[in-house]
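Sequential numbering of the sequence shown, starting at 1, is according to full-length UniProt numbering.
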Amino acid sequence: MDPKSLQSSPILQGIEDLNAWRSAVVEQLHGLSNLTSELGLLPGSVILHLETLAFEIERDSLRLALVGEFSRGKTELINALFFADQGTRLLPSGTGQTTMCPVEIRGAPQGRPGLQLLPIASRAMDVSIEKLKRAGSAWVRLAYDSAQQAHERSAMLKSLTETTCVAIEEARRLGLCPPLNRTPKDRERSICPSCGLGKVLIPRWRHAQLFLPHPILDAGLTILDTPGLNAIGAEPELTFGMLADADAVLFVLGIDTGVTQSDLTIWDQYLRRNKEQPQLVLLNKIDTLWDELRDPFEIEDEISMQVEKTAQRLGIDAERVLPVSGQKALLARIRGDAHLLEKSGLPQLEASIARLLIPARRAVLQERCTALVERVQRDQQQLLQEQDRAIAVQMESIQALKERTSEKVPRLVAQHKAMLASFDQDRQRFEARKADFRAAVDRALLAPLSPDRFDARIGAARSEMLAAWTTAGIVERFRSFFAEAIAHFDTALRGSAEVNAQIAGEYAALQERYRLPSLSTIPYAIMPRRAELLAMAENYERFGMMLEIAVNTQSAVVRKAFLTVAGKVRDFIVETRRDAEGWVDEMMAVMNRQLELYRQKAEEELDALENIAVAMGNIDTRLQQLRANRAALAERSAALEQIANRLHRALQGKSLD
Numbered sequence: 001m002d003p004k005s006l007q008s009s010p011i012l013q014g015i016e017d018l019n020a021w022r023s024a025v026v027e028q029l030h031g032l033s034n035l036t037s038e039l040g041l042l043p044g045s046v047i048l049h050l051e052t053l054a055f056e057i058e059r060d061s062l063r064l065a066l067v068g069e070f071s072r073g074k075t076e077l078i079n080a081l082f083f084a085d086q087g088t089r090l091l092p093s094g095t096g097q098t099t100m101c102p103v104e105i106r107g108a109p110q111g112r113p114g115l116q117l118l119p120i121a122s123r124a125m126d127v128s129i130e131k132l133k134r135a136g137s138a139w140v141r142l143a144y145d146s147a148q149q150a151h152e153r154s155a156m157l158k159s160l161t162e163t164t165c166v167a168i169e170e171a172r173r174l175g176l177c178p179p180l181n182r183t184p185k186d187r188e189r190s191i192c193p194s195c196g197l198g199k200v201l202i203p204r205w206r207h208a209q210l211f212l213p214h215p216i217l218d219a220g221l222t223i224l225d226t227p228g229l230n231a232i233g234a235e236p237e238l239t240f241g242m243l244a245d246a247d248a249v250l251f252v253l254g255i256d257t258g259v260t261q262s263d264l265t266i267w268d269q270y271l272r273r274n275k276e277q278p279q280l281v282l283l284n285k286i287d288t289l290w291d292e293l294r295d296p297f298e299i300e301d302e303i304s305m306q307v308e309k310t311a312q313r314l315g316i317d318a319e320r321v322l323p324v325s326g327q328k329a330l331l332a333r334i335r336g337d338a339h340l341l342e343k344s345g346l347p348q349l350e351a352s353i354a355r356l357l358i359p360a361r362r363a364v365l366q367e368r369c370t371a372l373v374e375r376v377q378r379d380q381q382q383l384l385q386e387q388d389r390a391i392a393v394q395m396e397s398i399q400a401l402k403e404r405t406s407e408k409v410p411r412l413v414a415q416h417k418a419m420l421a422s423f424d425q426d427r428q429r430f431e432a433r434k435a436d437f438r439a440a441v442d443r444a445l446l447a448p449l450s451p452d453r454f455d456a457r458i459g460a461a462r463s464e465m466l467a468a469w470t471t472a473g474i475v476e477r478f479r480s481f482f483a484e485a486i487a488h489f490d491t492a493l494r495g496s497a498e499v500n501a502q503i504a505g506e507y508a509a510l511q512e513r514y515r516l517p518s519l520s521t522i523p524y525a526i527m528p529r530r531a532e533l534l535a536m537a538e539n540y541e542r543f544g545m546m547l548e549i550a551v552n553t554q555s556a557v558v559r560k561a562f563l564t565v566a567g568k569v570r571d572f573i574v575e576t577r578r579d580a581e582g583w584v585d586e587m588m589a590v591m592n593r594q595l596e597l598y599r600q601k602a603e604e605e606l607d608a609l610e611n612i613a614v615a616m617g618n619i620d621t622r623l624q625q626l627r628a629n630r631a632a633l634a635e636r637s638a639a640l641e642q643i644a645n646r647l648h649r650a651l652q653g654k655s656l657d
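What follows is the structure in structure tokens.
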């Protein structure tokens, strides 16, 4: 393998394989969506779900976050892993060049590279970074030209390390300095060596986005480079959003420092609680142990011992701890030194990232697809079988008629007309009840999940949060907020049962009288989402108990932490409400479809009986038509089975040929 070549990187190869897998799955999802539309058996919302899932998979990207204290070599590892093909150090890394804000590195949109910087003053705004990403005027933009000289690009990227001196009151307002009543007496008027009395040094930028044309980034990888503990604790959105949503995390330690107390704080507060997230621990800077006067085996033993100690301290398996040297790996790639590259541990790290990141992301997407595809296939096959059984019954009935005397046919026509008239009356009564159903839905199911109620409670809770200065007070308000949210969920849960019983009860009478299909094809339960809310409450309550740093920093940090949590809970409630509305609409649509199908079938049977009454010779023609209908149903069922099998093979990564 050429040390300089990124084309042989297992990360790039893994992402390209994942993209090929996604393309195959998306193509088959579109095929299933088109067939579902042609069959016309399920509501349009199901087709929308399939198309939405296909769009999300097609646009899906992988997010890799590097987390660790200042000066652990995170940026240098990024340079070595992804940007050694530049022939020099791309991102600023070295003595006095610490990245001061979170940096997202991704492919250049429409081929336009550049650097976007969000000023630190935006911390004073109660607006999330995600929303600010859509506000172009809030960012400072710097052009990036790959044709520039390396030193020119390096000078531009040094913006990521910039700091600025501000008055200590301004730092407190931004939540970057403890409030006066929590500042030690001897530090009430700090002296910054660079700025003087009463001033402090803070980062110039709050967040950065770097867009680069690069094969790995263009393939769909986004890299998140984070600052140290203080920056993480002061930016709740980084904790609750970016780190939590990362597909994998590399926790970077220094082998020269081991697991320090600040390292342990990051691990305990921000990483360990996310058990489902794939994570690796990197012991960087192993080159500090290289000594030509020592026996190489002795050095290897010391590195192995540090790996074991680190694993024990963090409570993880030693296989998840990898010793590396980012600086030597970068040097080896630039010089084309295969021996030094192997010694740096970078090839093992690349292979581990590929094994960690790619299969985990694929498994998540596969699980989402499989659940929906199995449901769509099962529901349509069941409805096709219902139609086939109905035709079979109709054929038996007509065949029996053929064997009877013609004198009985007029009486059967009269009975069928009476039955159809009775059905129309029952259906009109059912339609009249829909207004009551909708009122029950609004009152019992949707009202407890009203966003306006949560907005009012969030506003009240924010005021309560500002009045709490102790960790216990913060935890109690987190717990109180989630208790109210769960109470609303319980009310909605009871409401969903009430609505379901009311609607199903009305439909059951028609179902029993006219032998309509059951509604088992429309499963919905709010209980699993309540479990998700409970899990969310447990995670955030645990985090709230660890907000000692934030409480000791400034009330603005507490407010931002709560607003971030409250915003996620509100989004969760809105999504649940939207799903509940969709569930009701879907159930109504299926019931209407079944009633309409029954009406159509009854009219067909009546037409057949009337034709029989006119001429018994038409029976053979009708039987032939029904046989053709059954054959068409069999073809549809086979087509559905075929596209579902192809989709399952695509999900499993098997050949479709």
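We treat Cβ as the ideally placed atom computed from N, Cα and C, and that holds for glycine.
The beta carbon of leucine 609 lies closer than 8 Å to those of Leu401, Val409, Leu412, Val413 and His416 in the same chain, with the five residues before and after it left out. The three-state reading of DSSP puts threonine 260 in coil, since its state is none of H, G, I, E or B.
A direct Cα-to-Cα measurement between valine 252 and glutamate 575 gives close to 36 Å. DSSP places alanine 108 in the coil class of the three-state scheme, outside both helix and strand.
Contact between the region 62-81 and the region 366-375 is absent: fewer than 3 CB-CB pairs across the two stretches fall below 8 Å. Secondary structure of isoleucine 316 (DSSP, three-state): coil.
Residue state for glycine 567 is assigned as helix, using DSSP reduced to three classes.
Secondary structure of threonine 226 (DSSP, three-state): coil.
Within the DSSP bridge table, the entry for threonine 163 names Pro203 as partners.
Of the other Cβ atoms in all chains shown, fewer than 16 fall within 10 Å of the Cβ of asparagine 645; this residue is therefore exposed. Closest in alpha carbon position to glutamine 380, among Pro113, Ser93 and Ile643, is Ile643. Isoleucine 11 is positioned such that its CB atom lies closer than 8 Å to that of isoleucine 216. In this structure, leucine 445 lies away from histidine 488, with their beta-carbon atoms at least 8 Å apart.
Note on geometry: alpha-carbon atoms of leucine 210 and proline 113 lie some 8 Å from one another.
Taking a contact as a CB-CB distance under 8 Å, the pair serine 344 and asparagine 284 does not count as one, their CB atoms being some 10 Å apart. Taking C-beta separations shorter than 7 Å and ignoring five residues to either side along the sequence, the partners of valine 307 in its chain run Leu283, Ala318, Val321 and Pro323, following chain order. Boundaries of the beta strand (DSSP E) harbouring glutamine 116: 114-119, taken from the DSSP string. In this chain, leucine 293 is not harboured by any beta strand (DSSP E), its DSSP state being neither H nor E.
Phenylalanine 297 sits exposed, since fewer than 16 C-beta atoms from the chains shown fall within 10 Å of its C-beta.
Nearest C-alpha to leucine 533 among Leu77, Arg570 and Arg294: Arg570. Within the region 50-83, the beta strand (DSSP E) runs of at least 3 residues that lie entirely inside it are, in chain order, 62-67.
Under DSSP, glutamine 209 takes part in a beta bridge, and its partners are Glu104 and Gln116. When only Cα atoms are considered, serine 128 and arginine 477 end up about 21 Å apart.
A Cβ-Cβ contact shorter than 8 Å links lysine 309 with glycine 258.
A contact is defined here as three or more CB-CB pairs under 8 Å, and the region 380-398 meets this definition with respect to the region 26-46. Alanine 135 sits in coil when the DSSP states are folded into three classes, being neither helix nor strand. Look at leucine 41 here: in three-state DSSP terms it is coil, with no helix or strand label. In this structure, alanine 171 places its C-beta atom within 8 Å of the C-beta atom of isoleucine 202.
In this structure, the alpha-carbon of proline 119 lies about 11 Å from that of glutamate 162.
Counting of Cβ neighbours within 10 angstroms places threonine 621 among the exposed residues, the total staying below 16. In the structure shown, the three-state DSSP call for alanine 219 is coil.
Out of Ala219, Val25, Ser71 and Ser137, the CA that lies nearest to the CA of isoleucine 15 is found in Ala219. Counting C-beta atoms within 10 angstroms of its own C-beta, alanine 638 has fewer than 16 neighbours from the protein chains shown and is therefore classed as exposed.
Per DSSP, the unbroken beta strand (DSSP E) holding glutamine 279 starts and ends at 279-284.
Assignment of beta-bridge partners to leucine 253 by DSSP yields Leu283. Minimum Cα-Cα distance from methionine 100 among the listed residues Arg294, Lys74 and Ser304 corresponds to Lys74.
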